[in-house]
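Note sheet for the following structure.
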Amino acid sequence: RKEVEQDPGPFNVPEGATVAFNCTYSNSASQSFFWYRQDCRKEPKLLMSVYSSGNEDGRFTAQLNRASQYISLLIRDSKLSDSATYLCVVNMAVRFSNDMRFGAGTRLTVKP
Amino acid sequence: GAGVSQSPSNKVTEKGKDVELRCDPISGHTALYWYRQSLGQGLEFLIYFQGNSAPDKSGLPSDRFSAERTGGSVSTLTIQRTQQEDSAVYLCASSRASGKNTGELFFGEGSRLTVL
């Protein structure tokens, strides 16, 4: 089983759609969780952290289910500018305290 | 500049040659990571530096790969006797502090290595 697993997509959605991405992780002792965004041929950038109680940032909602070792990202009212690859990142704190493991990413294309 | 700086941005080399990739992290960031990303793949962890502690080299794929960080700042990743499977984008990231839940890694734009 991969340490951090994501549906690779691609997801092709029209503008205004709601889309959800899922991620599972293997280590139940993982410390913290994040979603990063990576535009084509660019470096990854932090989109949002994921908190146990769930958290929202504008059109983006992240949720964590520790019991199921599952993280989700919901994007409402999709914009063309949301087109990117979304990376699920888990701090597994195995080898060292900030042992950040990346999923392979889910590609999203928002179309007019 | 305020961000993580990497050089060269692109490197084309012949199989068997050595290459050096450089990373200049954000000033004051004590943690520095090297990852590599092959086409269409996720980020593969290579090595982690934290302050003056011994680096975690557990991700280095072979003994042809080595890295050092001088003075707790600039880091160099060296690949000896390059092979075609080494072709990838090598990403450097730094973060503000050690400890749990630091979270945000700041990435450079990467060094794209092509081994012919």
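Listed in order, the protein sequences are those of chains A and B.
For the first sequence, the positions run 1 to 112 when my numbering is used.
For the second sequence, the positions run 1001 to 1116 when my numbering is used.
Glycine included, every Cβ here is placed at the ideal spot set by N, Cα and C.
**Prompt:** Would you say the beta carbon of residue 1021 of chain B comes nearer than 8 Å to a heavy atom of the ligand ATP?
**Reply:** Among the ligands in the structure shown, none appear at all, so the ligand ATP cannot be discussed.
**Asked** So what's residue 1024 of chain B in DSSP terms, helix, strand or just coil?
**Response** strand
**Asked** Are the CB atoms of residue 63 of chain A and residue 27 of chain A nearer to each other than 9 Å?
**Response** no
**Message:** With the cut-off set at 9 Å, would you say residue 1031 of chain B and residue 1045 of chain B are in Cβ contact?
**Reply:** no
**Asked** Between which two residues does the beta strand (DSSP E) containing residue 25 of chain A stretch?
**Response** 19-25
**Request:** Could you tell me the distance, in whole angstroms, from the CA atom of residue 79 of chain A to the CA atom of residue 42 of chain A?
**Result:** 19 Å
**Cut-off 7 Å between Cβ atoms - residues of its own chain near residue 1101 of chain B, not counting five sequence neighbours on either side** = Note on residue 1101 of chain B: pLDDT 49, under 50, position unreliable in the model; no value is reported.
**Prompt:** Where residue 44 of chain A and residue 1016 of chain B are concerned, what is the direct C-alpha to C-alpha distance, given to the nearest angstrom?
**Reply:** 30 Å
**Message:** Check for me: the beta strand (DSSP E) holding residue 60 of chain A runs from which residue to which?
**Reply:** 60-65
**Request:** Determine the direct distance from the alpha carbon of residue 1035 of chain B to that of residue 1025 of chain B, and round the result to whole angstroms.
**Result:** 14 Å
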